[in-house]
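Numbering (mature numbering (1 follows the signal peptide of the UniProt record, and there is no 0)), first residue to last: -21 to -1, 1 to 314. Beta carbons are placed, not taken as given, at the ideal position from N, Cα and C, and that holds for glycine.
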């Protein structure tokens, strides 16, 4: 598959042109270079072409507008909040596949088979190599310890990544303890929450704070960027756990639209994406963790060490997002 193919497919989707029987049309919020390698592998194996339409914003609105005339067979996006938004828009159909159900852990798939995770990313702590000792922080609850006062950086508390983490705190400890946790972390902030995850690591490198909440895959992205490599090399990844739980994870996932003009081919693609070959390719390009047990991690991702993912079902966490948002706003986390 070439960029030209992708652009032609995008145009066809925009015009609502019918898809060919040997093609699959995918709407994705992930940029083409992140998923083209695994799609090319699928085409080599099956002869089925994959047309990618990159939709940065307005994905749900577009699917609702197109309705049963949509040329999209599949939707690929990241974060449980986004997946749940698509579910609530009622534009998906369930996929009953023994292959998918066996490959994807139960906590990482929709109970009604509306979406399946393809990779995971952990919400972890990036700690200064110079100013934070090994073992000094091991749990999410540790972040409220007064010893971290003025030493924590994070992006906005109302960002999806942090809301998902707070939803997990609610699920483990209840809303009142989650509120106390948010207040405790806020009290320890070195500065007002702002910027993205990478800028938090830059702040550690610059000495503005000592630890940050950041997703794992940003380490790979920063190491590959000459302008950011020094930031990445100034920190190490710590996989914190909840007391009595594991490390909080989120997902990239895939779902089938109700319209799906090429349903059989789309199912083949979904099943291919959880195969050992595809899991290794997709996870390596994105610096993420495969969902298939035993699938090969990239050497870089493997170098970060092993961890135990939290067992909470992500669908349940999505239901707690409104409560998490309310808490963040009430404690004035971003003020």
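Worksheet item: Less than 7 Å between the CB of residue 139 and some heavy atom of the ligand SAH, yes or no?
Response: With respect to the ligand SAH, the structure shown offers nothing to examine, as it has no ligands at all.
Worksheet item: What whole-angstrom Cβ distance do residue 200 and residue 17 have, given they're in contact under 8 Å?
Response: Not confirmed; about 18 Å, so no contact.
Worksheet entry | Span of the beta strand (DSSP E), counted from its first residue to its last, around residue 2 | Boundaries of the beta strand (DSSP E) around residue 2: 2 to 7.
Worksheet item: Taking C-beta to C-beta, are residue 97 and residue 253 nearer than 8 Å?
Response: A contact, by the Cβ cut-off of 8 Å.
Item to complete: Kindly indicate which three-state DSSP category residue 236 falls into: helix, strand or coil?
Response: The three-state secondary structure of residue 236, taken from DSSP, is strand.
Practice prompt. Taking 8 Å as the threshold, find out whether the region 228 to 248 comes into contact with the region 40 to 57 through three or more Cβ pairs.
Written response: Short answer: they touch.
Practice prompt. Report the residue from 23, 2, 67 and 81 whose alpha carbon sits nearest the alpha carbon of residue 52.
Written response: Distances from the alpha-carbon of residue 52 to those of 23, 2, 67 and 81 put 2 closest.
Practice prompt. Can you check the region 64 to 130 for any beta strand (DSSP E) of at least 3 residues that lies completely inside it and give the ranges in chain order?
Written response: The region 64 to 130 contains these whole beta strand (DSSP E) runs: 95 to 107.
Worksheet item: When the Cα of residue 11 is compared with those of 38, 217, 55 and 23, which residue comes out closest?
Response: Answer by Cα proximity: 55.
Item to complete: Report back the beta-carbon spacing between residue 142 and residue 307 to the nearest angstrom; my notes put them in contact at under 8 Å.
Response: That belief holds up - the Cβ atoms of residue 142 and residue 307 are roughly 7 Å apart, short of 8 Å.
Worksheet item: In three-state DSSP terms, what is residue 178?
Response: Correct three-state label for residue 178: helix.
Worksheet entry | Segments of 4+ residues assigned as alpha helix (DSSP H) that fall wholly inside the region 138 to 195 | Whole alpha helix (DSSP H) segments, 4+ residues: 139 to 152, 154 to 166 and 176 to 184.
Worksheet entry | Proximal residues to residue 127 (C-beta, below 6 Å), its chain only, five neighbours per side dropped | Cβ neighbours of residue 127 beyond the five flanking positions: 167.
Practice prompt. Just tell me which of 146, 309 and 280 has its CA closest to the CA of residue 300.
Written response: Measuring from the Cα of residue 300, the nearest candidate turns out to be 146.
Discussion item. Below 8 Å on the Cβ atoms is my contact criterion, and I expect residue 233 with residue 33 to pass it. Report the Cβ-Cβ distance as a whole number of Å.
Written reply: Approximately 15 Å separates the beta-carbon atoms of residue 233 and residue 33; this is outside 8 Å, ruling out the contact.
Item to complete: Throw me the rounded Cβ distance for the residue 297 and residue 63 pair, which I believe falls under 8 Å.
Response: Your pair residue 297 and residue 63 checks out as a contact, with CB atoms roughly 4 Å apart and the cut at 8 Å.
Discussion item. Check this for me: beta carbons of residue 104 and residue 192, under 8 Å apart or not?
Written reply: With contacts defined as CB atoms closer than 8 Å, residue 104 and residue 192 qualify as a contacting pair.
Worksheet item: Taking the beta strand (DSSP E) that residue 30 falls in, what are its first and last residues?
Response: Counting along the chain, the beta strand (DSSP E) containing residue 30 begins and ends at 28 to 33.
Worksheet item: Given a threshold of 16 other Cβ atoms within 10 Å of its Cβ, counted over all protein chains shown, does residue 291 qualify as buried or as exposed?
Response: Residue 291 counts as buried, since no fewer than 16 other beta carbons sit within 10 angstroms of its beta carbon.
Practice prompt. Taking all protein chains shown into account, decide if residue -16 is buried (16 or more other Cβ within 10 angstroms of its Cβ) or exposed.
Written response: Caution is warranted here: a pLDDT of 43 is assigned to residue -16, below 50, making its placement in the model unreliable, and the coordinate value is therefore given only provisionally. Buried, because 16 or more other Cβ atoms sit within 10 Å of the Cβ of residue -16.
Worksheet entry | residue 248 (DSSP reduced to helix, strand or coil) | Helix at residue 248.
Worksheet item: Okay, do the region 266 to 284 and the region 105 to 112 touch, 3+ Cβ pairs below 8 Å being the bar?
Response: These segments do not touch.
Worksheet entry | DSSP bridge partner residues for residue 229 (one or two, in chain order) | For residue 229, the pairing in a beta bridge is given by DSSP as 100.
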